[in-house]
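One line per chain: the protein sequences are A and B, in this order. With positions in the first sequence counted from 1, the corresponding number in the numbering used here is that position plus 32. Going by the numbering used here, 80 is the number at position 81 of the second sequence; the sequence numbering is gapless. Notes to accompany the following structure.
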Amino acid sequence: METNFIQWFFDFIMGYEPKVIIACASVLGAGFAMIAGIGPGIGQGYAAGKGAEATGHSPKDSKNIISTMLLGAAIAETSGILALVVALILIFGNPLVTSTGGMVVIASSALGAGIAVIAGMGPAIGQGYAAGKATEAVGINPRNSKGVTLVMLVGQAVAQTTGILALVISLILLYGNPFASMEGAFIIVGASALGAGIAMIGGIGPGIGQGYAAGKAAEATGKRPDQQSNITKIMFLGQAVAQTTGIYALIVSLILMYSNPFV
Amino acid sequence: MITGIELIKACSAIGAGLAMIAGIGPGIGQGYAAGKGAEAVGRQPEAQGDVTRTMLLGAAVAETTGIYGLIVAMILLFANPFI
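Put into structure tokens, the structure is as follows:
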């Protein structure tokens with residue numbers, strides 16, 4: 033029954049010009065990419081909440097509070113903008129439209145490129161949390177704002193990693209697609225392209241976790257500025273461990289691309 | 000027989016819908032900000048103006064990705080280069 037449906041689906045799409053199916057996959061991919069916007073929304077909203085709370089506690093420090101909040105929120109925006117860029121490439125500058133290669137493979141790549149950047153949701157949530165915690169710490173003790181902001185930024189930078197890895201996979205699928213020249217049954221190569229994109233969604237976890245670590249480190253630095261280097265060290269150590277599953281996702285994606293055992 | 004243009008339009012409609020899923024984020028985030036704003040005003044009613052300003056500023060930043068999703072959805076619906 034299942035097989036019949038898949039057969040029917042491919043018979044259905046094979047009835048169309050390749051550019052129609054690739055356009056369909058591109059608009060769907062663009063839609064998927066924008067789901068990443070969930071992240072900045074949550075993260076920046078958390079930062080805004082912490083900003084409002086801190087301003088309520090000490091209205092006289094509102095300038096310091098707002099600048100930390102906005103700085104942190106700006107970093108949390110990154111993944112949302114990356115997703116927007118990928119969506120706009122898929123819609124307006126899609127290099128796959130003129131690509132050579134099987135229709136199903138190219139269409140799957142467009143879909144995969146959009147789905148991969150959903151990973152940006154994670155870093156953005158985590159970075160927003162870090163921004164909120166740093167804002168809170170600055171509100172409690174504005175004198176420590178320099179150290180707190182520094183720890184926040186360093187932690188946020190690490191939390192961005194999986195978002196960047198997802199972007200790289202997405203751009204490879206768009207501009208340096210190894211599937212287009214891959215020998216093998218179109219359904220296997222196409223599904224591998226889709227899988228390479230889907231795997232990167234795993235980056236959501238490390239992004240959130242590393243951002244949480246960055247937030248707690250910023251908070252701790254606010255309380256004990258003299259311990260800044262120790263705090264940063266532990267944060268890095270924990271973040272490195274939290275990164276592992278993001279790297280696993282990348283490895284699977286790269287295996288599907290460059291040493292696929294199925295083809 | 001469904002024509003090519005019809006199929007692209009159908010997929011664009013789905014894509015526009017998918018793009019709007021992004022709205023989950025700003026909703027949660029801004030709601031949190033609103034809650035914290037209300038809490039802060041309750042604790043310090045005299046700082047209401049400052050609190051509201053900070054809350055709205057932060058919430059405006061949190062709105063951006065929702066707007067990006069909306070823009071992509073609108074492009075797919077009204078300025079779709081594939082149709």
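All C-beta atoms, glycine included, are put in the ideal place defined by N, C-alpha and C. Just so you know, these numbers come straight off a predicted model, no measurement behind them.
Candidates the options, of which the one nearest residue i by Cα
i                      : options                       : result
residue 144 of chain A : A/93, A/211 and A/186         : A/211
residue 202 of chain A : A/111, A/216 and A/169        : A/111
residue 135 of chain A : A/276, A/219, A/176 and A/228 : A/219
residue 286 of chain A : A/200, A/213 and A/272        : A/200
residue 236 of chain A : A/213, A/152, A/266 and A/217 : A/152
residue 291 of chain A : A/44, A/250, A/248 and A/216  : A/216
residue 209 of chain A : A/240, A/190, A/181 and A/133 : A/133
Three-state secondary structure assigned by DSSP to residue i
i                      : result
residue 256 of chain A : coil
residue 170 of chain A : helix
residue 78 of chain B  : coil
residue 188 of chain A : helix
residue 290 of chain A : helix
residue 210 of chain A : coil
residue 215 of chain A : coil
residue 59 of chain A  : helix
residue 262 of chain A : helix
Short Cβ contact (8 Å threshold) for residue i with residue j
i                      : j                      : result
residue 289 of chain A : residue 18 of chain B  : no
residue 188 of chain A : residue 28 of chain B  : no
residue 82 of chain A  : residue 168 of chain A : yes
residue 192 of chain A : residue 104 of chain A : no
residue 231 of chain A : residue 281 of chain A : yes
residue 271 of chain A : residue 183 of chain A : no
residue 244 of chain A : residue 6 of chain B   : no
Cβ of residue i within 8 Å of any chain B Cβ
i                      : result
residue 37 of chain A  : no
residue 127 of chain A : no
residue 66 of chain A  : yes
residue 293 of chain A : no
residue 87 of chain A  : yes
residue 91 of chain A  : yes
residue 82 of chain A  : yes
residue 192 of chain A : no
residue 112 of chain A : yes
residue 101 of chain A : yes
Test: residue i CB closer than 8 Å to a CB of chain A
i                     : result
residue 81 of chain B : yes
residue 6 of chain B  : yes
residue 54 of chain B : yes
residue 17 of chain B : yes
residue 76 of chain B : no
Contact belief for residue i with residue j at Cβ below 8 Å, rounded distance in angstroms
i                      : j                      : result
residue 115 of chain A : residue 126 of chain A : The Cβ separation is near 16 Å, so there is no contact.
residue 24 of chain B  : residue 73 of chain A  : 2 Å
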